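Position in the sequence shown counted from 1, then plus 97, gives you the numbering used here.
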Amino acid sequence: MEPRELIAEAVRLATESVDKGWGGPFGAVIVRDGEIVARGQNRVLLTGDPTAHAEVETIRKAAQILNPEAPSIAEEHQNESTLEYVPRPEGSPDPVPERARMLQGCSIYSSGAPCPMCMSAIYWSRLDAVYFSCGLEDTRRIGFDDAFQYEDFRRPLDQRRITIRQIYPELGAGAYEAWSHRVDHHAY
Ligand SMILES: [Zn+2]
98 MEPRELIAEA VRLATESVDK GWGGPFGAVI VRDGEIVARG QNRVLLTGDP
148 TAHAEVETIR KAAQILNPEA PSIAEEHQNE STLEYVPRPE GSPDPVPERA
198 RMLQGCSIYS SGAPCPMCMS AIYWSRLDAV YFSCGLEDTR RIGFDDAFQY
248 EDFRRPLDQR RITIRQIYPE LGAGAYEAWS HRVDHHAY
């Protein structure tokens, strides 16, 4: 499919979400080799889940489709990882020799510019590229202030809208040590 068709499909999903009262006007598709792997749309109003953004929904579906063997969280699955690992690229400054492939090789097409949460999910997914139709200022004009969050991130911690403070760092260190000391820990 061509980029214009992919954006049009993201916009179709966005409009459907509005028409059905499921959420805001946001839709997305994840694409590999020109073919759609997964579709998603904003369903915040339907689910009451503030993280039910189009991009996050699409990433979750794509991850399930591309890693169909991944078990759900359960004790009996301990020590299992079905993820595919790939070596770091030549010349990469990454200190870790290999990481989970995640959604490398895929791109996301979105009806609107991703908010910071979705953009962060895109980084964690290791998607190759993001293409969007409406910009952050367009989104602000219809009453969704994603742009404000990008602005807030640039402020020092003590000037942010939401209280954020480091407390008791020595307690959290225990979990970090457990990870560091685990011989077969898998980087992702
Ligand atoms: Zn978002």
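All C-beta atoms, glycine included, are put in the ideal place defined by N, C-alpha and C.
As the structure is a computational prediction, the values presented were derived from the model and not from experiment.
Where residue i sits in the DSSP three-state scheme
{"i": "residue 132", "result": "strand"}
{"i": "residue 137", "result": "strand"}
{"i": "residue 195", "result": "strand"}
{"i": "residue 269", "result": "helix"}
{"i": "residue 83", "result": "Nothing can be reported for residue 83: it is not among the residues displayed for the chain, which extend from 98 to 285."}
{"i": "residue 280", "result": "coil"}
{"i": "residue 127", "result": "strand"}
{"i": "residue 259", "result": "coil"}
{"i": "residue 234", "result": "helix"}
{"i": "residue 50", "result": "There is simply no residue 50 to check, as the chain begins at 98 and stops at 285 in what is shown."}
{"i": "residue 274", "result": "helix"}
{"i": "residue 179", "result": "coil"}
{"i": "residue 144", "result": "helix"}
Start and end residues, alpha helix (DSSP H) containing residue i
{"i": "residue 219", "result": "213 to 222"}
{"i": "residue 290", "result": "With the chain represented from 98 up to 285, any question about residue 290 goes unanswered, as that position is not in the structure."}
{"i": "residue 247", "result": "243 to 250"}
{"i": "residue 226", "result": "Residue 226 -> not in any alpha helix (DSSP H); beta strand (DSSP E) instead, spanning 226 to 231."}
{"i": "residue 155", "result": "151 to 163"}
Inter-residue CB distance, residue i and residue j (contact presumed, cutoff 8 Å)
{"i": "residue 257", "j": "residue 249", "result": "6 Å"}
{"i": "residue 229", "j": "residue 209", "result": "6 Å"}
{"i": "residue 155", "j": "residue 137", "result": "3 Å"}
N- and C-terminal bounds of the beta strand (DSSP E) containing residue i
{"i": "residue 205", "result": "203 to 209"}
DSSP bridge partner residues for residue i (one or two, in chain order)
{"i": "residue 184", "result": "195"}
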